[in-house]
Every structure is written in structure tokens, then in C-alpha cells.
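A short worksheet on the structure shown next.
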Amino acid sequence: MGLRSIIGKRLGLGLVRRRKPFSTATCDGDGNGNAKSINLYSAVNQALHIALETDNRAFVFGEDVSFGGVFRCTTGLADRFGKARVFNTPLCEQGIVGFGIGLAAMIVNEAAKFRYRSGNQFNCGGLTIRAPYGAVGHGGHYHSQSPEAFFCHVPGIKVVIPRSPRQAKGLLLSCIRDPNPVVFFEPKWLYRLAVEEVPEHDYMLPLSEAEVIRQGSDITLVGWGAQLSVMEQACNEAEKDGISCELVDLKTLLPWDKETVEASVRKTGRVLISHEAPVTGGFGAEISASIVERCFLRVLIPFSVL
1 MGLRSIIGKR
11 LGLGLVRRRK
21 PFSTATCDGD
31 GNGNAKSINL
41 YSAVNQALHI
51 ALETDNRAFV
61 FGEDVSFGGV
71 FRCTTGLADR
81 FGKARVFNTP
91 LCEQGIVGFG
101 IGLAAMIVNE
111 AAKFRYRSGN
121 QFNCGGLTIR
131 APYGAVGHGG
141 HYHSQSPEAF
151 FCHVPGIKVV
161 IPRSPRQAKG
171 LLLSCIRDPN
181 PVVFFEPKWL
191 YRLAVEEVPE
201 HDYMLPLSEA
211 EVIRQGSDIT
221 LVGWGAQLSV
231 MEQACNEAEK
241 DGISCELVDL
251 KTLLPWDKET
261 VEASVRKTGR
271 VLISHEAPVT
281 GGFGAEISAS
291 IVERCFLRVL
301 IPFSVL
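In this text, residue positions in the sequence shown follow UniProt numbering: the first is 1, and each later residue adds one.
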């Protein structure tokens with residue numbers, strides 16, 4: 001069953017859905033200065049260039065990063081900043097993250113607890129872990145997963161997922177400059193597909209602040225990352241049948257913006273949460289539980305997680 005069909009079902013209508021790339025014209029960000037139309041992986045590359053250029057304490061290391069990486073996100077970094085700051089590691093994700101936090105016990109046992117253990121006296125030094133996520137045609141069994149819910153269960157870290165090139169650059173720079181450890185998931189499906197004008201200068205976008213992409217009055221749709229493209233098209237098709245959809249992009253999953261979601265659900269009385277994940281244990285269930293706790297009497301009908 002398609003997402004647009006689900007929207008119609010929640011409102012008692014029979015609908016069909018069409019899928020095509022998400023229009024990112026509504027993305028936020030500073031529009032001042034020069035801007036150039038680029039895709040998402042190029043926006044990530046720009047952010048990494050700026051991070052290395054503006055902070056001599058910053059390093060980039062990982063599998064094949066010195067020649068550009070599998071997704072080309074680190075192209076040109078080693079040539080510009082040298083192999084002392086941009087270097088390859090062995091094919092061992094645990095070793096990469098362990099080295100990043102001082103050869104400790106990786107993300108959950110050490111990185112997330114540094115500030116708690118020290119009474120806020122020290123942290124991981126602005127640790128940001130970039131990772132691709134989501135399904136893609138050639139990904140196979142091991143490279144088509146959406147593990148964000150695992151990390152959302154760990155207090156002390158932040159989880160951020162952009163939906164567009166402009167967001168990717170601004171949010172990544174915010175993550176790098178945040179004192180907390182951050183897991184920054186990049187949607188593989190959008191690396192080359194999502195293209196928009198991105199300011200060339202240094203800018204940041206706020207973390208833990210959801211964005212209402214489009215206003216509506218009949219139903220609230222909540223999502224993040226690549227799924228926003230599917231949801232945007234569902235909203236457009238539903239509008240043809242007289243259904244007014246309000247679309248909310250969380251951007252940050254941990255800690256997430258409950259107030260913006262709650263305000264939208266109280267306004268529309270209906271909600272659909274859609275994201276890439278296994279059937280059980282997805283982060284949509286956490287959002288659903290929060291809505292039940294905070295907005296139960298304002299929801300007109302049972303809501304869905306798709």
C-alpha cells in the first residue's frame with residue numbers, strides 16, 4: 001500500500017501514489033552570498049572543507065577517505081589539507097570510531113557518557129560520526145539498513161539526518177561544532193539525486209529544531225531524511241483530492257523537537273509517521289508513544305506508522 005493511499009485511508013478516501021525525486025525548494029538556510037546548484041554529496045564535501053579550513057584541530061579519517069571515498073564525499077580533502085589530517089584507516093568500523101574517541105570503547109560505552117562521567121568537565125572534542133543510511137538499489141543485505149533507532153536509544157549522543165544538500169552542509173557544520181558526540185546519517189538515495197542551490201559560504205543550521213515544510217489542516221505527516229521526498233509527493237497528490245497535509249521534517253531525531261510535532265497534531269487531529277526502518281523497533285514508534293502521551297484527546301482517529 002502506498003503512502004498516499006494510507007493518507008486517503010486515514011481520511012476515508014481511496015487514493016493512488018506517484019514517486020519522483022523530492023523538490024528541495026522549501027529548504028531552510030542562509031541565502032546570502034554566492035550559491036551554486038550542487039547535489040547532496042557535494043554539499044557534504046563543502047562542509048568538510050570548511051570544517052578543516054576553519055579549525056586546525058579537525059581531522060577526517062575512515063575507509064578510503066584520502067582518495068574521495070566510495071560516495072566521493074571526501075574528494076580533494078587529502079590534496080588540500082594533507083595526509084596528516086585526512087587519512088585512510090583499515091577496513092574496521094569499530095577501530096575507526098574507537099580511534100576517534102581516543103581508543104576507548106566506542107560510541108555507547110564511552111562517547112555518550114564522557115560528559116556525564118566528568119560532570120561536564122570534558123567531552124569527546126566535537127566527535128561527529130558520518131554514516132550513509134537507507135535503501136539503495138545496489139546496497140544488498142549489508143548496505144541498505146536504517147540503524148538510527150539503535151543510536152536514539154543512547155542518552156548523551158545526538159542523531160541528525162538531512163533531507164537535502166543545503167541541509168546537509170549546514171547541519172553537518174553544526175554537528176562538527178557541537179560539543180556532544182553526533183551520529184550524522186546521510187541518505188544514500190539522495191547523494192546524487194537531490195540537487196539545489198547551496199550557499200558557498202560557511203553557515204550552520206540549528207539542531208533539535210523540526211521544520212514545517214508545508215502548512216496543512218487535515219492531517220500531519222512526520223518524517224526525516226530521504227523519506228521526505230516520498231511524503232512530499234504524497235502531499236501533492238492528496239491535495240488534488242482536497243486533502244490539506246501538514247508536512248514536518250524532524251531533522252534531528254535525538255533529541256527531537258516534540259513541541260513542533262505536538263502543535264501540528266493538535267491542529268490537524270490526524271497523524272501519519274513514515275520512515276525507512278524494519279517493521280519493529282523503528283523510531284516512529286517513539287514519536288507515536290509521545291503523541292499518545294501528550295495529545296491523546298486531540299487525535300480524532302487512530303494514527304499510523306508506515
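For glycine and all other residues, C-beta sits at the position ideal for the given N, C-alpha and C.
Computed from a predicted model, the values in this text were never measured in an experiment.
Check                                                                                                                                                                    : Outcome
Taking C-alpha atoms, which residue in Asp55, Glu196, Pro90, Ala51 lies nearest to Val65?                                                                                : Pro90
Excluding the five sequence neighbours on either side, which residues of its own chain have a C-beta within less than 8 Å of the C-beta of Gly69, listed in chain order? : Gly62, Glu63, Thr75
Could you round the C-beta distance between Ser144 and Val154 to whole angstroms and report it? I think they count as a contact, below 8 Å.                              : Actually they are not in contact, since the Cβ atoms of Ser144 and Val154 sit about 23 Å apart, beyond 8 Å.
CB-CB under 6 Å to Val212, same chain, minus the five flanking residues each way: which ones, in chain order?                                                            : Val248
Where do the N-terminal and C-terminal ends of the beta strand (DSSP E) with Gly62 fall, by residue?                                                                     : 60-62
What is the residue span of the alpha helix (DSSP H) that Leu228 lies within?                                                                                            : 227-240
Assuming Leu52 is part of the beta strand (DSSP E), what are its boundary residues?                                                                                      : Looking at the DSSP string, Leu52 is not in any beta strand (DSSP E); the run it does join, the alpha helix (DSSP H), is 40-54.
Which residue from Ser42, Leu48, Arg72, Ser164 puts its Cα closest to that of Lys251?                                                                                    : Ser164
In or out: Lys169 buried (at least 16 other Cβ within 10 Å) or exposed?                                                                                                  : buried
Taking Phe67 as the reference, give the member of Gly82, His138, Val108, Ala263 with the closest Cα.                                                                     : Gly82
Measuring only the C-alpha atoms, how far is residue 344 from Ala58?                                                                                                     : Residue numbering for the chain in the displayed model covers 1 to 306; residue 344 lies beyond these limits and cannot be assessed.
What does the alpha-carbon distance come out to for the pair Val182 and Gly269?                                                                                          : 33 Å
Determine the closest residue to Lys188 out of His138, Glu196, Gly284, Val198, with distance taken between C-alpha atoms.                                                : His138
Consult DSSP for Leu190 and reduce its assignment to one of helix, strand or coil.                                                                                       : helix
Between Glu186 and the rest of its own chain, which residues show a CB-CB distance below 6 Å, the 5 nearest in sequence each way excluded?                               : Pro132
With 16 as the cutoff for other CB atoms within 10 Å, does Arg298 come out buried or exposed?                                                                            : exposed
For the ligand SAM, I want to know if Leu250 counts as a neighbour, meaning its beta carbon is within less than 8 Å of at least one of the ligand's heavy atoms.         : Although the ligand SAM was asked about, the structure shown includes no ligands whatsoever.
Does the distance from the CB of Ala226 to the CB of Gly134 come in under 9 Å?                                                                                           : yes
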